[in-house]
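Asker: Numbering (full-length UniProt numbering), first residue to last: 1 to 168. Heads up, the beta-carbon is just placed ideally off N, CA and C, and yes, glycines get one too. I'd like to ask some things about the structure below.
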């Protein structure tokens, strides 16, 4: 199978959408790969044997080298559509950071509430499942995204305590 290298949006793109007045939310796609079906013609290529039994994957498997590319490509298209609706957002495979929607006559917090509502509506209607335990649905100025604190008010990034302890 051909390699499919791709570029992920990382924390370096966050300052482009986050201002000091920003309110942020985030969504985590729950079991994302399990929602991307493999075509029937391709399923014979996605099998494994365990304990003498053959198993065939009906969805893209976690260990397949192109799974992240396939899933991220789908996620980027959703993010692009949301940007067309004036919802500032970035995506890293299955993690979405959402800023407020661009409506000038409302408070930034209210704009962020509208933005998360719009994102939830779009992703659920597309068949995504939201991992509520890893998501932040209430707009905040400081949020953990990709193991870093993103502080909109102070325009800073900080390592989380768990990440700091790994350096010690």
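1) Below 8 angstroms on the Cβ atoms is my guess for residue 30 versus residue 129; work out the distance and round it to an integer in Å.
2) Indicate the three-state DSSP secondary structure (helix, strand or coil) for residue 27 in the structure shown.
3) To which residues does DSSP link residue 89 through a beta bridge?
4) At the level of alpha carbons, what is the spacing between residue 58 and residue 88?
5) Mind checking whether residue 38 and residue 46 have CB atoms under 8 angstroms apart?
6) Return the CA-CA distance between residue 108 and residue 33, expressed in angstroms with no decimal places.
7) Report all residues from its chain with a CB closer than 7 angstroms to the CB of residue 78; omit the five preceding and five following residues, and keep chain order.
8) Along the beta strand (DSSP E) that carries residue 108, what are the first and last residues, could you check?
9) Where do the N-terminal and C-terminal ends of the alpha helix (DSSP H) with residue 74 fall, by residue?
10) With DSSP collapsed to three states, give me the class of residue 138.
11) Measure the alpha-carbon distance for residue 13 versus residue 150 and round it to whole angstroms.
12) Buried or exposed, going by whether 16 or more other CB atoms sit within 10 Å of the CB of residue 81?
Answerer: On the basis of the data shown:
1) The beta-carbon separation of residue 30 and residue 129, rounded to 4 angstroms, stays under the 8 angstroms limit for a contact.
2) It is a strand residue.
3) In the DSSP output, where bridge partners are listed per residue, residue 89 has 98.
4) Those two C-alpha atoms are separated by around 33 angstroms.
5) Contact annotation: residue 38 and residue 46 have beta-carbon atoms nearer than 8 angstroms.
6) Each residue's Cα considered, the two are about 33 angstroms apart.
7) Correct list, in chain order: 122, 123 and 126.
8) Here residue 108 belongs to no beta strand (DSSP E); instead the alpha helix (DSSP H) covers 108 to 125.
9) In the DSSP assignment, residue 74 falls within the alpha helix (DSSP H) that extends over 67 to 84.
10) In the three-state reduction of the DSSP assignment, residue 138 falls in the strand class.
11) Put simply, the backbone Cα of residue 13 is about 12 angstroms away from that of residue 150.
12) Classification of residue 81: exposed, given that the 10 Å Cβ count is below 16.
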